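K.L.:
Read in order, the letters of the sequence shown are residues 411 to 552 in the numbering used here.
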Amino acid sequence: MNIAFFLTPKSELVTLEQHITIRQAMEIMEYHRYTSVSVIDKKGRYIDALSEGDILWHLKHKEGLIFKHTEKESIDTIKRYRPTLSVSINSDIESLIELSVTQSFIPVVDDQNVFIGIIKRSDIIHYCIDKLEIKETGERIA
Numbered sequence: 411m412n413i414a415f416f417l418t419p420k421s422e423l424v425t426l427e428q429h430i431t432i433r434q435a436m437e438i439m440e441y442h443r444y445t446s447v448s449v450i451d452k453k454g455r456y457i458d459a460l461s462e463g464d465i466l467w468h469l470k471h472k473e474g475l476i477f478k479h480t481e482k483e484s485i486d487t488i489k490r491y492r493p494t495l496s497v498s499i500n501s502d503i504e505s506l507i508e509l510s511v512t513q514s515f516i517p518v519v520d521d522q523n524v525f526i527g528i529i530k531r532s533d534i535i536h537y538c539i540d541k542l543e544i545k546e547t548g549e550r551i552a
């Protein structure tokens, strides 16, 4: 099965550009109520995802933390504690299932590593449930 079937396109998502400030990232994430957001460079290439936890741990380890400084510090200074791996649009469903064990969404990129969207863990789980129902009963359960 083509994984594009599961894709939520970039046009329907919020992304962060890698050079915005920590404060800007926090405002965007709070406004949209996201706990993790894909980070892209100026050419649209996928860098990684930034999570609330990444920001929290970064701030915790700042000596002499002054929140006002988040308005000047770029998010590319934040260490990611758990990288969010991407897949190629040409990947197979098995790759998605494997990554969905540890990631709530899987970023999808084209051959030039340009971010084109995400696949949500919930969509993968629904697909697997549908497949199991068909296999167990021989027919689809509505």
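For every residue, glycine included, the Cβ atom is placed at its ideal position computed from N, Cα and C. In this text the structure is predicted, and so the values were computed from the model without any measurement.
Going by C-alpha to C-alpha distance, which of I529, G527, S484 and T512 sits closest to R492?
P.N.:
T512
K.L.:
I'd like to check one pair, K453 with F525: are the Cβ atoms closer than 7 Å?
P.N.:
no
K.L.:
Tell me the rounded alpha-carbon separation between T425 and T487.
P.N.:
17 Å
K.L.:
Give the straight-line distance between the Cα atoms of Q522 and R455, rounded to the nearest whole angstrom.
P.N.:
So the two alpha carbons sit approximately 8 Å from each other.
K.L.:
If you drop the 5 nearest sequence neighbours on each side, which residues of the same chain put their C-beta closer than 6 Å to that of K530?
P.N.:
Answer for K530: F515, listed in chain order.
K.L.:
Could you name the residues of the same chain whose beta carbon sits closer than 7 Å to that of M411, not counting the 5 residues immediately before and after it, in chain order?
P.N.:
For M411, same chain residues with a beta-carbon under 7 Å away, outside a window of 5 residues either side, are I503 in chain order.
K.L.:
What separation, rounded to the nearest whole angstrom, lies between the Cα atoms of I450 and I457?
P.N.:
5 Å
K.L.:
Does Y444 come out as helix, strand or coil in the three-state DSSP assignment?
P.N.:
Looking at Y444 - three-state DSSP - the assignment turns out to be coil, as it is neither helix nor strand.
K.L.:
On the DSSP bridge list, what partners appear for G527?
P.N.:
P419 and V518
K.L.:
Quick check for students: name the residue ranges of the alpha helix (DSSP H) that lie wholly in the segment 430-489, counting only runs of 4 or more.
P.N.:
432-442 and 462-470
K.L.:
For the putative contact between I485 and Q428, defined by C-beta atoms under 8 Å, what is the C-beta separation to the nearest angstrom?
P.N.:
7 Å
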